[in-house]
Amino acid sequence: MIKLLLVEDDVNLCYIVQAGLQDVIGGYEVITAGNGLEGLHAWEEHKPDIIISDIDMPEMDGFEMVRRIRETDGETPILFASAMTSPKDVKHGYELGVNNYVKKPFVPEEIDAHIHAILKMKEGAKSRSVEGHSRFSHYTLDTVHATLRDDNTGKIRVLTTTEAKILQLLAENKNEVIRREAILSRCWNTEDDFFASRSLDVFVTKLRKLFTDDPDVEIKTARGVGLMLVAK
Numbered sequence: 006m007i008k009l010l011l012v013e014d015d016v017n018l019c020y021i022v023q024a025g026l027q028d029v030i031g032g033y034e035v036i037t038a039g040n041g042l043e044g045l046h047a048w049e050e051h052k053p054d055i056i057i058s059d060i061d062m063p064e065m066d067g068f069e070m071v072r073r074i075r076e077t078d079g080e081t082p083i084l085f086a087s088a089m090t091s092p093k094d095v096k097h098g099y100e101l102g103v104n105n106y107v108k109k110p111f112v113p114e115e116i117d118a119h120i121h122a123i124l125k126m127k128e129g130a131k132s133r134s135v136e137g138h139s140r141f142s143h144y145t146l147d148t149v150h151a152t153l154r155d156d157n158t159g160k161i162r163v164l165t166t167t168e169a170k171i172l173q174l175l176a177e178n179k180n181e182v183i184r185r186e187a188i189l190s191r192c193w194n195t196e197d198d199f200f201a202s203r204s205l206d207v208f209v210t211k212l213r214k215l216f217t218d219d220p221d222v223e224i225k226t227a228r229g230v231g232l233m234l235v236a237k
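The sequence shown begins at 6 in the working numbering and counts up by one.
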């Protein structure tokens, strides 16, 4: 049974979604919270398998909640659910480490489909690496725990699951160009979705910042083709 944290300040919607997911075949253990602050406490206490959160909430909004979670947890999938989401908000959410968006109104069956797709990709990423590690230059990428270790300094950075998947694909094919379509297919299960393509750009920008001061590693763009991890 999947343990799901639902963070939603609309009491009626929260009840409908909770009841609907509990009735889905296989069922869910649904933990609810009425705002971002309660959601943060619930995440710390229950360690859910996945989080679905509204954005605009009292006490603490979804953006701040995700920011705090991603300071130490780069693995737990997080979906934002919102009725009105501007491109700016979408970009901000992906920069913070959200895995996907779903628009309100939605039905439990739709959420169920999103959840299983994300968890399937997450498990697939783990199974592709027997040891769970990818190495390039003086770095070790732990794809199971979504961390990047600088072997020279011992410093460890926490990544999001998506960041780890993208970096893993580039590391497995270092010094070779990987087509954008291949990255989108592996990490988002699509090749031409606008939001997925936009989020890829955001994640790549974040990954590049990890190596800003390192002359041995660079993520390059092959314009019109794809991306390449150049590593000595």
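Heads up, the beta-carbon is just placed ideally off N, CA and C, and yes, glycines get one too.
Residue i, buried or exposed, once every other Cβ within 10 Å from all chains shown has been counted against 16
{"i": "ALA227", "result": "exposed"}
{"i": "VAL12", "result": "buried"}
{"i": "MET6", "result": "exposed"}
{"i": "VAL230", "result": "exposed"}
{"i": "TYR99", "result": "buried"}
{"i": "PHE68", "result": "buried"}
{"i": "ARG184", "result": "exposed"}
{"i": "GLU168", "result": "buried"}
{"i": "ASP198", "result": "exposed"}
CA nearest to the CA of residue i, picked from the options
{"i": "ILE83", "options": "PRO92, ASP59, ASP94, THR90", "result": "ASP59"}
{"i": "PRO92", "options": "ASP147, ASP218, ALA201", "result": "ALA201"}
{"i": "ALA122", "options": "LEU10, PHE111, ASN105", "result": "ASN105"}
{"i": "PRO220", "options": "LEU234, SER87, VAL207, THR81", "result": "LEU234"}
{"i": "LEU9", "options": "VAL16, VAL22, LEU212, LEU18", "result": "VAL22"}
{"i": "ARG70", "options": "ALA88, LEU101, VAL95, GLU80", "result": "The sequence given here places Met at residue 70; Arg does not occur at that position. Closest option to MET70, Cα to Cα, is LEU101."}
{"i": "PHE111", "options": "ARG72, LEU232, CYS19", "result": "CYS19"}
{"i": "MET62", "options": "SER142, ALA88, THR158", "result": "ALA88"}
Delimiting residues of the beta strand (DSSP E) encompassing residue i
{"i": "GLY44", "result": "Run containing GLY44: none in the beta strand (DSSP E); it sits in the alpha helix (DSSP H), 41 to 51."}
{"i": "LYS160", "result": "First-last for LYS160: undefined, no H or E at that position."}
Secondary structure of residue i, DSSP reduced to three states
{"i": "GLY231", "result": "strand"}
{"i": "LYS214", "result": "helix"}
{"i": "HIS119", "result": "helix"}
{"i": "PHE208", "result": "helix"}
{"i": "LYS237", "result": "coil"}
{"i": "GLY137", "result": "coil"}
{"i": "ALA151", "result": "coil"}
{"i": "VAL182", "result": "coil"}
{"i": "ASN105", "result": "strand"}
{"i": "SER132", "result": "At SER132, the pLDDT of 44 sits below 50, so the modelled position is not reliable and the matter cannot be decided from this model."}
{"i": "VAL35", "result": "strand"}
Distance cut-off 7 Å: residue i Cβ against heavy atoms of the ligand ATP
{"i": "THR145", "result": "This structure does not include the ligand ATP; it has no bound ligands of any sort."}
Range covered by the alpha helix (DSSP H) that runs through residue i
{"i": "LEU174", "result": "166 to 177"}
{"i": "PHE68", "result": "67 to 75"}
{"i": "GLU100", "result": "92 to 101"}
{"i": "ALA88", "result": "Here ALA88 belongs to no alpha helix (DSSP H), and DSSP marks it neither H nor E."}
Touch check for the segment 48 to 56 and the segment 18 to 32: three-plus C-beta pairs under 8 Å? no
Counting pairs of beta carbons, one from the segment 157 to 177 and one from the segment 189 to 197, are three or more of them closer than 8 Å? yes
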